[in-house]
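Notes follow once the structure below has been shown.
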Amino acid sequence: MIFDLELILDSIPQMLMGLGLTLQLLFLSLALGTALAIILLLMRISGRWVLAAPAMAYIYIFRGTPILVQIFIIYYGLPQLELVRESILWPILREPFGCAIVALSLNTGAYVSEIFRGGVLGVDRGLKEAASALGLSARQRFIYITAPIAIRLSLPAYSNDVVSLMKSTALASTITLLDMTGIARTIVAETYAPYEVFLSLMVIYLVLTWMIQRSFGWIEKRMSRHVRSEI
Amino acid sequence: EKLRVGMECTYAPFNFKNENGDLMGYDVDVARGVAGLIGADLEFVCQKWDGMIPALLANKFDLVVASMSITDKRLEKMDFSDTYRISVGRLVGKKSAGLKLFDSTDKPIPANFADLKVGVERASTYADWFKNELPKANVVLYDTNESLYLDLVNGRTDMIMTNPMKAHLRFLSKEDGAGFEFVSPQIDERKYFGIGVGIGLRKGNDELKARLNKAIKTLTDNGYLESYALKYFPFAIH
Amino acid sequence: MEVLTGWWDDFFWGSLVVVKLFFVALILTVLFGLIGSAAKLSKNRVANAIANGYTIVFRGTPEILVLLLFYFGSAIALTALAQVFDPDVKFVDFPPFWAGSLAIALIIGSYATETFRGAFLGVDSGQIEAARALGLSNLQTFIYVRIPAMWRLALPPFGNHMLSLIKDTALVAIIGLEETLFVAEQAIGYTAKPFTLYLVVGAIYLGFSTIITLTVMLCEKYANRHLEIAK
Amino acid sequence: MSDNQQDVIVQVENVDKFFGDFQALKAVNLTVARGERVVVCGPSGSGKSTLIRCINRLEAHSSGRILINGHELTDDVKDIDAVRREVGMVFQSFNLFPHLTVIENLMLAPKLVRKTSKTENRELAMEMLARVKIQDQAEKWPSALSGGQQQRVAIARALCMNPEVILFDEPTSALDPEMISEVLDVMIDLAKEGMTMICVTHEMGFARSVADKVVFMDQGEIVETGPPATFFDSPKSDRTRLFLQQILSH
Amino acid sequence: MSDNQQDVIVQVENVDKFFGDFQALKAVNLTVARGERVVVCGPSGSGKSTLIRCINRLEAHSSGRILINGHELTDDVKDIDAVRREVGMVFQSFNLFPHLTVIENLMLAPKLVRKTSKTENRELAMEMLARVKIQDQAEKWPSALSGGQQQRVAIARALCMNPEVILFDEPTSALDPEMISEVLDVMIDLAKEGMTMICVTHEMGFARSVADKVVFMDQGEIVETGPPATFFDSPKSDRTRLFLQQILSH
Ligand SMILES: Nc1ncnc2c1ncn2[C@@H]1O[C@H](COP(=O)(O)OP(=O)(O)OP(=O)(O)O)[C@@H](O)[C@H]1O
Ligand SMILES: Nc1ncnc2c1ncn2[C@@H]1O[C@H](COP(=O)(O)OP(=O)(O)OP(=O)(O)O)[C@@H](O)[C@H]1O
Ligand SMILES: [Mg+2]
Ligand SMILES: [Mg+2]
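Chains as they are written, first to last, in this note's numbering: chain A, 1 to 231; chain V, 1001 to 1238; chain B, 2001 to 2231; chain Y, 3001 to 3250; chain H, 4001 to 4250.
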């Protein structure tokens, strides 16, 4: 099979027009999802059953079902309910962009909160005890000792999650959004040439992945100055 | 001889599954009728619309009997039999909206399409029509026909363009579609909608194509096509 | 719920497709993971480079894109390959089931590669030295010391991979394999009740996820039985 | 409070401690006067750590009373914080905050707990680092220091809160042999300056030369208490004798 | 081979070892006769572990010769395996296989290396467990044992291969003080039975009472060698004196 080079050169700029949308989806849902994750984390480690149980149930459901199904429920399913269509959220849920942001954020929140929890659990108990022995209050211990150490511990897993979120944005193409994948699928449907188009798209996503990983590698290095390199 | 037939399986009443899981519809009947005449066994393959032609070219199946219109663009990549039904499109919108979209000569008035969202299926002839005739229109692309109706009802789009027979049967005549009506005349410009719907096949299968054409002629002449249509519509559609 | 009448059996067969996909892909995933990690840990530079390329491509590309490429590309690639050996071959078909399971296994296998690699590295080098000091050969050390120690470490992250795997099966609806999500779409075409039907799919997947989680818990308990007595 | 009682800094009265069903402390009594140096020893699992963790309320005791400088340790948060300010603690595993430099480790608690000014804290910190002879390491990360240096920083960190009493839980047992003496030297200096100390340790040389009182624990009980001379040379109980034999034999 | 040479079990001749640019062993010479007990000591990083790891070829030396029972250690795999069967090794961190029970730990190497029968291996294993006085723990997981017990299992595991010489790398330094003597007792018993041993340790009491020869290393070199009496009481080199002072001061 001979590749149609002209088509590749033609379609890459077209697909890149969707890059903006892909990045918007990524950054917006990353910010919202991380905020949600922190709330869920605080609920889980609050030690209060009424807060911890809903957070656990939430995490369980969102990690236990495919994100594609979550997107479909939110986009096609929710508007079936009168309640939703009359709520103040309707202006957001009416738009496919809003639905994609909501779905991606809700999903990421569940995953990231577990990552943060792992980081918090990874903080050496001795350090918290040393802080108590010095007279720091529970809140001070969390802010000055647990959080900074937990963030560094969570960073590698968090960067993985950013990459999977970036990949999940491609699913927005299933709810009419013309992100990079949406544009690519349209080009394929018009040109009937999937290989050229999808392979070029794959390269674009790989570059994005690479950039995300490099950025996090840099951040991690900066945050690990205090860890001896030979260990 | 065994022939694999690609179709969406979600495009009622042309090709769809009922609650018992039986494949049925006008396309299915045509395919079965043709197979009977040329003496072939059929195997149906369900395939999403936007991959229909790539899948045919990749030899996932041998025939497309999926309400696919014969267009020049498609003919560049594949071959078609003679038509077994007509191909037209029509816009559906809200009854109360009072839309005036076409002038007295049935030409669209581009200005009146501004600010309106139109849903169509990705890679359909309708999408082509909009792209060329109304390039400024706000077109939203869907993966399945069914989601067109869902989002029209949800208010995410102001109108949709689709096959009028299907729209009538699956939507306008149902409870959901009560508040909606056709808001355009029939659009059937040959340039986009071609000469009608045919059976698609890979190029270079002229012998098969000849047999298909002969079978379709027989079905037409002997009134079979009409009887298939009357199962779903109150009129013939070929 | 009466909208579901008549569709239950379709959901059952759809679920069966999911289960079959899951097991086939699981076996392939373990295979790819072991081969990949062995290649990464080996000193052979070619094997290293191939394994690195493999994990970069499959971890950096959206799953939906891999699946589409595989679905469209596999038959053509396979045909081209077959024609090298026998020019008369017109077409080699690659059934969607196998395209789907292979694509999913390649994706998850790239994650498993990293997991297994980390687990092999996590095996206390003291144990390996003890085995060598006792005169065990490299192969014996691998089978009797490294694998048993490795699988205990690999199990928790591998459990997560199994969850991703089951959820990725939902994506094969995009290539038209008749699993639960595809059944739901057909049913929606008939009933116009997307909310109910997508919820059913979500519930089915939640069930699968629960079963996997419980199974992994049991396996972990077994793998860690030697640590239980210790506090 | 009578004059006599004022001199008592730590008073442990009939304290029990349960972990679930397991009793880690059994009716423990201990009085430590201002300026007194107490060494606690005993086999592993005998409750030494539990005892001093209760004194600092890192664990809550199950029954009995613990008084620090006259304040009783209860669940009342205010009291605990007040008490913790008077009690410093040094751990076996140093527990320096890895994300803070040495001097930041020392300045954190004064800033958050005492809310004193930054210059003041820095001065204090440098003074304490000098006291443990390590002022030239102030700007390093803890991980860049040797174990002995880390433990000296940990002692300086405890000193920064100007505690009435310092608790040590096996401060030298995670150290390489050559580093043990540098930490013991610092502790001996502290003792000479009159600091009140309770120290869990197996360094019998240290106990002999520095302690005013040696306490031997076994199975959650205090089995024997006495000045080092009597304790080492004529232990009363068999259990003590056996333990000393094991410890000193090699 | 002359009669005289036959009595030499381990011969290290002029051995250098480089890690990259760093020289961990510098022209080391050491001869160990059958039945001899050698204690190696020296500060951290002086190359003690490196030396005995080279003797067991867990590391390959960079130049010079090492002979075990007359076989030279080279890259030739067959020879290494043959040599390893004659050299047992006990590590600081025990390194028991955690997924195998105590007795399975002991039976694994005989099964895989000697290919002897299961009953035979089990008998041998029980015998060795008896030798380290721990036969009642045979069916437990290693993690259920105390450190001292684990180290005794590790010794028994090495004994199961019936080695000519056993190497110990700080076998007691990961242990709690009370457990040290139980392990040292087992080692003393082995010594009494005439086992050839090379032992890296800081337990000077053990060295004094058991060793035929004490070797002091510093910065990759053997600085001083001698019988314990001379070594401890009149060390020749300044470096040795300084080291002994630090180790014995507390
Ligand atoms: N948080 C806890 N939960 C349950 N049991 C505990 C806990 N902390 C300590 N114990 C138990 O209490 C007993 C006393 O422990 P403690 O740590 O005080 O002993 P120790 O004398 O300090 O021993 P070591 O010399 O090993 O440090 C031990 O049996 C221990 O297992
Ligand atoms: N694999 C290695 N790679 C690089 N350097 C090493 C390696 N192993 C040891 N070294 C270095 O060789 C030197 C000697 O190390 P060795 O472990 O033999 O010392 P040691 O005398 O056993 O010390 P310790 O008492 O701390 O166990 C050290 O400086 C160490 O950092
Ligand atoms: Mg303790
Ligand atoms: Mg060493």
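Backbone N, C-alpha and C fix where the C-beta goes; we use that ideal spot for every residue, glycine too. All values reported here derive from a predicted model rather than from experimental measurement.
Only counting the same chain, and skipping five residues up and downstream in sequence, which positions put a Cβ closer than 6 Å to that of B/F2058? L2106, I2107 and S2110
Contact with chain B by H/N4162, beta-carbon distance below 9 Å: no
Assigned exposure category for B/F2158 - 16 Cβ within 10 Å defines buried: buried
With a 10 Å radius around its C-beta and 16 neighbouring C-beta atoms as the bar for buried, classify B/A2080 as buried or exposed. Classification for B/A2080: exposed.
Can the beta-carbon of H/A4033 be found less than 9 Å from the beta-carbon of H/T4196? yes
Measure from the alpha carbon of B/A2276 to the alpha carbon of each residue in B/T2061, B/F2097 and B/T2029, then state which is nearest. Only positions 2001 to 2231 of chain B appear in the structure, and residue 2276 of chain B is not among them; the question remains open.
Could you tell me the boundaries of the beta strand (DSSP E) in which Y/N3056 lies? Per DSSP, Y/N3056 belongs to no beta strand (DSSP E) and is neither H nor E.
Measuring only the C-alpha atoms, how far is A/A57 from B/Q2127? Using only the alpha carbons, I get a separation of about 40 Å.
Take the Cβ of Y/F3022 as the centre, count every other Cβ of all protein chains shown within 10 Å, and call the residue buried at 16 or more, exposed below. exposed
Along chain B, which residues have their Cβ under 7 Å away from the Cβ of H/F4097? Result: Q2127 and V2145.
Closer than 9 Å to chain A by CB, V/R1202: no
Y/G3226, DSSP secondary structure in three states: strand
Just to confirm my understanding: we take Y/L3248, look at its own chain, exclude 5 residues before and 5 after, and list those with CB closer than 7 Å. What are they? M3204
Taking only the alpha-carbon atoms, compute the straight-line gap between V/G1119 and V/L1152 and give it to the nearest angstrom. 8 Å
Could you name each continuous alpha helix (DSSP H) segment of 4 residues or more that falls completely within the region 1136 to 1215 of chain V, going from the start of the chain to the end? With a minimum length of 4 residues, the continuous alpha helix (DSSP H) runs that stay inside the region 1136 to 1215 of chain V are 1145 to 1154, 1164 to 1167 and 1190 to 1193.
Please report whether the beta-carbon of H/S4143 lies at a distance below 9 Å from any beta-carbon of chain B. yes
If the cut is a Cβ gap below 9 Å, which residues of chain B does A/G182 touch? Taking a Cβ-Cβ cut-off of 9 Å, A/G182 has no neighbours in chain B, whose nearest Cβ is about 11 Å from it.
Exposed or buried, what is A/E230 when buried is set at 16 or more other beta-carbons lying within 10 Å of its beta-carbon? Because A/E230 carries a pLDDT of 38, less than 50, the predicted location of this residue cannot be relied on, and no value is offered for it.
Excluding five sequence neighbours on each side, which residues of the same chain lie with their C-beta closer than 7 Å to the C-beta of B/A2232? Since the displayed chain B opens at 2001 and closes at 2231, residue 2232 of chain B lies outside it and no answer follows.
Considering only residues of the region 1008 to 1082 of chain V, which uninterrupted alpha helix (DSSP H) runs meet the minimum length of 4 residues and lie entirely inside it, listed in chain order? 1026 to 1038, 1052 to 1057 and 1072 to 1077
Flag this pair as yes or no: are the beta carbons of Y/R3142 and Y/V3153 separated by less than 9 Å? Looking at the sequence provided, one finds Pro at residue 3142 of chain Y rather than Arg. Going by C-beta atoms, Y/P3142 is nearer than 9 Å to Y/V3153.
With a floor of 3 residues, list each beta strand (DSSP E) that falls wholly inside the region 3060 to 3141 of chain Y, ordered by position along the chain. 3063 to 3068 and 3087 to 3090
Express the C-alpha separation of H/T4031 and H/V4015 in angstroms, rounding to a whole number. 12 Å
By DSSP, does H/I4009 sit in helix, in strand, or in coil? strand
Anything in the region 1055 to 1077 of chain V with a Cβ closer than 8 Å to a Cβ of chain B? List those residues in chain order, please. A1055, A1058, N1059 and K1060
Could you tell me which residues DSSP pairs with V/P1108 in its beta bridges? V/F1102
Could you pull the DSSP bridge partners for H/Q4245 from this structure? None; H/Q4245 has no bridge partner.
If you measure from the CB of Y/T3050, is any heavy atom of ligand 1 nearer than 8 Å? yes
Given this structure, state the Cα-to-Cα distance separating V/I1187 from V/S1069, to the nearest angstrom. So the two alpha carbons sit approximately 13 Å from each other.
Does the region 4118 to 4135 of chain H come close enough to the region 4087 to 4106 of chain H to have 3 or more Cβ pairs within less than 8 Å? yes
Which of the residues in the region 1106 to 1133 of chain V, read from start to end, lie with their CB under 7 Å from any CB of chain A? For the region 1106 to 1133 of chain V, the set of positions with a beta-carbon nearer than 7 Å to some beta-carbon of chain A reads R1122 and A1123 in chain order.
Are three or more beta carbon pairs between the region 2193 to 2205 of chain B and the region 59 to 78 of chain A nearer than 8 Å? Contact holds: three or more Cβ-Cβ distances are below 8 Å.
In terms of alpha-carbon separation, which member of V/Y1232, V/L1037 and V/D1027 lies closest to V/L1169? V/Y1232
Ignore the nearest five residues each way along the sequence and tell me which others in B/E2063's own chain have a CB closer than 7 Å to its CB. I2107, D2168 and L2171
Sheet register partners of V/G1093 (DSSP bridge): Within the DSSP bridge table, the entry for V/G1093 names V/M1159 and V/E1181 as partners.
Could you work out which residue in Y/L3167, Y/E3164 and Y/T3172 is closest to Y/Q3150 when comparing CA atoms only? Y/T3172
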